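Asks: Below you will find the structure I want to go over with you.
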Amino acid sequence: MIDKFVRSVAEALEGVADGSTVLVGGFGAVGQPNALIEGLIEQGAKDLTVVANNAGTGQVGLARLMLLGRVRKIVCSFPRSAGSVVFEELYKAGRIELEIVPQGTLAERLRAAGAGVPAFFTATAAGTLLAQGKEVRDYNGRPCVLELALPGDVALVEAWRADRWGNLAYRSSGRNFNPIMAMAGKLTVVQTQHVAADPGIDPEIVVTPGIFVDRVVHIPYGDPQG
Amino acid sequence: MSEAMVGFRPLGRQQMAARVARDIPDGWYVNLGIGVPTLVADHIPPDREVVIHSENGLLGMGPAPEAGQIDPWLINAGKQHVTLRPGGSYFHHADSFSMIRGGHLDLCVLGAFEVAANGDIANWAVPNTDGAPAVGGAMDLAVGARRVWVVMEHTTKDGQPRLVERCAYPLTAPGAVTRVYTNLAVIDITQAGFVLREMAPGLDFATLQQRTGAPLHRAP
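Residue numbers (this note's numbering), protein chains in the order written: chain A, 76 to 301; chain B, 7 to 226.
Set out below in structure tokens:
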């Protein structure tokens, strides 16, 4: 019998190795897998590359992981959010590496990784600083930049509802990066607000099919704050 | 010398937003950037149905919720709480940016630091700062939407033109902008460069040209 539920966050994060690339879902505070991020702080893996749209706020969650010196590099579209003080300080001190990626290119690089597409060309960023050092070719009369797929060793995802097969559904704007990160992770770990008992989530409304999911932990975390 | 003394009235932020809204036809799918572009949504005439897209995964975005009616799960790309209109939908980031990059949006309205006479736009980074750059969806929107309009002040706070021959700030995208709405004028960008469509009440061509960093052409 398939049952992807594990009993604890610690069990969910077992085996995350030093040097891993970790994909972290969420956009702002919504759809962010806070319990798994806190679990990663406890778990101890270091020298991490974190892929997330934002670079953490305040002194908790991703910001705390960075403050503890566990993040070598962040791949991000918008690190300069209000309250991203920890990241800003580390960045100015040269203690964290930043790869800035246009938001759509970030999403597509993740989708490509999940879909087995190693690289693609896009018009986004052509003729800008973010195309420096990248191959450029003309397609349909416009210059396009070569971008590489962005796979993760681990993906941390927040779902609204999950079943034992790992099928997931999300809540409104909490969907954001979660489904594409679930596809792009070698080990995809989910925290879910609710559990759908057998026979599971209605197949017509499954957003992430369970094939993309490895471990699920039930954390009724509550509403996003802020 | 104040603007009032020279006898013309620049548009305020709400008036600029309302002026943009007047030009958006019924049925368009539109993305609105942060700042004055966001205000455009409040000025769409009630007899037109315009579907607002938000990059974080919404179509059919509605106004801010009434007090006490906030859904903490429903935010826009500016991370403000919003509502969803009937006919709206939720989707993930790859679908959201497929709408943008796949040319499905009729229009994107962006703010900018500078727009050049060849349509180049600079709106994401300030030169020579030690802070981290942040791009968000600006570059995707600038190349992906079918039309890109900019709404911004005509000059900087110290009077330097924002409509320029060539951008000095780092580009968001080359040759992307086709129309600019400022507090002083509505200007199209064509093969000829800046083409004046409309001026603020009481403003004359020579004064506007003086505040513009590249030649202005009168509309034929």
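We put the beta carbon where it would ideally sit given N, CA and C, even for glycine.
Keep in mind the model is a prediction, meaning the values are calculated, not measured.
What whole-angstrom Cβ distance do Asn37 of chain B and Ala151 of chain B have, given they're in contact under 8 Å?
Replies: In the second sequence, the residue the question calls residue 37 of chain B occupies position 31. In the second sequence, the residue the question calls residue 151 of chain B occupies position 145. Their Cβ separation, rounded to whole angstroms, is 6 Å, which keeps Asn37 of chain B and Ala151 of chain B in contact under 8 Å.
Asks: For Glu120 of chain B, write down the residues that DSSP places opposite it in a beta bridge.
Replies: Indexing the second sequence from 1 puts residue 120 of chain B at position 114. For Glu120 of chain B, which the question treats as bridged, DSSP gives the partners B:Ala128.
Asks: For the pair the stretch 205–217 of chain A and the stretch 229–239 of chain A, tell me if three or more CB-CB distances fall below 8 Å.
Replies: no
Asks: Counting pairs of beta carbons, one from the stretch 69–88 of chain B and one from the stretch 34–54 of chain B, are three or more of them closer than 8 Å?
Replies: As far as the Cβ criterion goes, the stretch 69–88 of chain B touches the stretch 34–54 of chain B, which means the pair count is three or higher.
Asks: What residues in the stretch 189–204 of chain A bring their beta carbon closer than 7 Å to a beta carbon of chain B?
Replies: Within the stretch 189–204 of chain A, those residues whose Cβ lies closer than 7 Å to any Cβ of chain B are, in chain order, Thr197, Ala198, Thr199, Ala200, Gly202, Thr203, Leu204.
Asks: Taking only beta-carbon atoms, is Leu173 of chain A less than 8 Å away from chain B?
Replies: Residue 173 of chain A sits at position 98 when you count from the first residue of the first sequence. Chain B, which has a Cβ nearer than 8 Å to the Cβ of Leu173 of chain A, makes this yes.
Asks: Could you name the residues of the stretch 110–137 of chain B whose beta carbon sits closer than 8 Å to any beta carbon of chain A, in the order they occur along the chain?
Replies: Ala131, Asp136, Gly137
Asks: Identify whether Gly179 of chain A lies in helix, strand or coil by the three-state DSSP scheme.
Replies: Here the question's residue 179 of chain A lines up with position 104 in the first sequence. Three-state result, Gly179 of chain A: helix.
Asks: If you measure between the beta carbons of Val121 of chain B and Val156 of chain B, is that distance less than 8 Å?
Replies: Within the second sequence, the letter at position 115 stands for residue 121 of chain B. Within the second sequence, the letter at position 150 stands for residue 156 of chain B. Yes, they are a contact pair.
Asks: Is the Cβ of Gly249 of chain A closer than 8 Å to any Cβ of chain B?
Replies: Translated into positions along the first sequence, residue 249 of chain A becomes position 174. Taking Cβ atoms only, chain B reaches closer than 8 Å to Gly249 of chain A, which makes this a yes.
Asks: Tell me the rounded alpha-carbon separation between Thr203 of chain A and Ala271 of chain A.
Replies: Position 128 of the first sequence, counting from 1, holds the residue named residue 203 of chain A. Position 196 of the first sequence, counting from 1, holds the residue named residue 271 of chain A. Taking the straight line from one Cα to the other gives about 47 Å.
Asks: Since Phe14 of chain B and Leu209 of chain B should fall inside the 8 Å C-beta cutoff, what is the C-beta to C-beta distance between them, to a whole number of angstroms?
Replies: The count along the second sequence starts at 1 and reaches residue 14 of chain B at position 8. The count along the second sequence starts at 1 and reaches residue 209 of chain B at position 203. With 8 Å as the limit, Phe14 of chain B and Leu209 of chain B qualify as a contact, their Cβ atoms being about 4 Å apart.
Asks: Cα separation between Leu181 of chain A and Lys148 of chain A?
Replies: Indexing the first sequence from 1 puts residue 181 of chain A at position 106. Indexing the first sequence from 1 puts residue 148 of chain A at position 73. Taking the straight line from one Cα to the other gives about 15 Å.
Asks: By the three-class DSSP mapping on this structure, what secondary structure does Glu113 of chain A have?
Replies: Mapped onto the first sequence, residue 113 of chain A falls at position 38. Correct three-state label for Glu113 of chain A: helix.
Asks: Identify, in the order they occur along the chain, each residue of the same chain with its Cβ nearer than 8 Å to the Cβ of Gly117 of chain B, setting aside the five sequence neighbours on each side.
Replies: On the second sequence, residue 117 of chain B is found 111 positions in, with the first residue counted as 1. Around Gly117 of chain B: Gly39, Ile40, Gly41, Val42, Pro43, Asn129, Val156, Val157, Met158.
Asks: What does the Cβ neighbour count give for Phe5 of chain B, buried or exposed, with the cut at 16 atoms within 10 Å?
Replies: Nothing can be reported for residue 5 of chain B: it is not among the residues displayed for chain B, which extend from 7 to 226.
Asks: If Leu169 of chain B sits next to His160 of chain B, beta carbons under 8 Å apart, how far is it from one beta carbon to the other, in whole angstroms?
Replies: Translated into the one-based positions of the second sequence, residue 169 of chain B becomes position 163. Translated into the one-based positions of the second sequence, residue 160 of chain B becomes position 154. Going by Cβ atoms, the distance from Leu169 of chain B to His160 of chain B rounds to 7 Å, so yes, they are a contact pair.
Asks: Spell out the partners DSSP gives Phe102 of chain A in its beta bridges.
Replies: As a first step, residue 102 of chain A is located in the first sequence; it is residue number 27 there, counting from the start. Beta-bridge partners of Phe102 of chain A (DSSP): A:Val105.
Asks: Given that a residue counts as buried once 16 or more other Cβ atoms are within 10 Å of its Cβ, and exposed if not, what is Ile50 of chain B?
Replies: The residue given as residue 50 of chain B occupies position 44 in the second sequence. Its Cβ being crowded by 16 or more others within 10 Å, Ile50 of chain B is buried.
Asks: Phe162 of chain A lies in the alpha helix (DSSP H); which residues open and close that run?
Replies: Within the first sequence, the letter at position 87 stands for residue 162 of chain A. For Phe162 of chain A, the uninterrupted alpha helix (DSSP H) segment begins and ends at 160–167.
Asks: Among A:Asn109, A:Ala127, A:Tyr296, which has the Cα closest to the Cα of Gly136 of chain A?
Replies: The residue given as residue 136 of chain A occupies position 61 in the first sequence. It is A:Asn109.
Asks: Take Lys261 of chain A and list the residues in its own chain whose beta-carbon comes closer than 6 Å to its own, dropping the five residues that flank it on each side.
Replies: Stepping through the first sequence from its first residue, residue 261 of chain A is reached at position 186. Asp228, listed in sequence order.
Asks: For Pro302 of chain A versus Ser152 of chain A, is the C-beta spacing smaller than 8 Å?
Replies: Outside the displayed range of chain A (76 to 301) lies residue 302 of chain A, so it cannot be described from this structure.
Asks: Check each residue of the stretch 225–256 of chain A: if its Cβ is closer than 8 Å to any Cβ of chain B, include it; give the result in chain order.
Replies: Tyr245, Arg246, Ser247, Ser248, Gly249, Arg250, Asn251, Phe252, Asn253, Pro254, Ile255
Asks: Below 8 Å on C-beta distance, what does Asp298 of chain A contact in chain B?
Replies: Sequence index remark: in the first sequence, residue 298 of chain A carries index 223 (1-based). Those within 8 Å of Asp298 of chain A in chain B are Pro78, Trp79.
Asks: I need the boundaries of the beta strand (DSSP E) containing Pro218 of chain A, first residue and last residue.
Replies: Here residue 218 of chain A refers to the residue found at position 143 of the first sequence. Taken as a continuous stretch (DSSP letters only), the beta strand (DSSP E) holding Pro218 of chain A covers 217–223.
Asks: DSSP state of Met7 of chain B, grouped into three classes?
Replies: By one-based count along the second sequence, residue 7 of chain B stands at place 1. In this prediction, Met7 of chain B scores a pLDDT of 46, lower than 50, which makes its location untrustworthy; the coordinate-derived value is nonetheless stated afterwards. Looking at Met7 of chain B - three-state DSSP - the assignment turns out to be coil, as it is neither helix nor strand.
Asks: Taking Phe119 of chain B as the reference, give the member of B:Thr188, B:Leu113, B:Pro69, B:Gly66 with the closest Cα.
Replies: Translated into the one-based positions of the second sequence, residue 119 of chain B becomes position 113. Out of B:Thr188, B:Leu113, B:Pro69, B:Gly66, B:Thr188 has the C-alpha closest to the C-alpha of Phe119 of chain B.
Asks: Could you spell out the range, first to last residue, of the beta strand (DSSP E) harbouring Thr213 of chain B?
Replies: Within the second sequence, the letter at position 207 stands for residue 213 of chain B. That residue, Thr213 of chain B, is in no beta strand (DSSP E); its alpha helix (DSSP H) goes 211–216.
Asks: Between the alpha carbons of Pro207 of chain B and Tyr35 of chain B, how many angstroms are there, rounded?
Replies: Counting from one through the second sequence, the residue named residue 207 of chain B turns up at place 201. Counting from one through the second sequence, the residue named residue 35 of chain B turns up at place 29. If you take the alpha carbons of Pro207 of chain B and Tyr35 of chain B, they lie about 31 Å apart.
Asks: Roughly how many whole angstroms lie between the Cα atoms of Leu140 of chain A and Val146 of chain A?
Replies: Within the first sequence, the letter at position 65 stands for residue 140 of chain A. Within the first sequence, the letter at position 71 stands for residue 146 of chain A. Going by the C-alpha atoms only, they are around 7 Å apart.
Asks: Between which two residues does the beta strand (DSSP E) carrying Glu204 of chain B extend?
Replies: In the second sequence, the residue the question calls residue 204 of chain B occupies position 198. That run of the beta strand (DSSP E) goes 199–205.
Asks: Whole-angstrom Cβ separation of Leu173 of chain A and Ala144 of chain B, contact assumed at under 8 Å?
Replies: For the purposes of this step, residue 173 of chain A is identified with residue 98 of the first sequence, where counting begins at 1. For the purposes of this step, residue 144 of chain B is identified with residue 138 of the second sequence, where counting begins at 1. Wrong, their Cβ atoms sit about 17 Å apart, outside the cutoff.
Asks: What is the residue span of the beta strand (DSSP E) that Ala144 of chain B lies within?
Replies: Stepping through the second sequence from its first residue, residue 144 of chain B is reached at position 138. That residue, Ala144 of chain B, is in no beta strand (DSSP E); its alpha helix (DSSP H) goes 144–150.
Asks: Would you report the Cα separation of Met7 of chain B and Leu17 of chain B, rounded to the nearest angstrom?
Replies: Translated into the one-based positions of the second sequence, residue 7 of chain B becomes position 1. Translated into the one-based positions of the second sequence, residue 17 of chain B becomes position 11. At Met7 of chain B the pLDDT is 46, less than 50, meaning the model places this residue with poor confidence and gives no usable figure here.
Asks: Are any of the Cβ atoms in chain B nearer than 8 Å to that of Gln178 of chain A?
Replies: Numbered from 1 along the first sequence, position 103 holds the residue referred to as residue 178 of chain A. With its beta carbon less than 8 Å from one in chain B, Gln178 of chain A belongs to the interface.
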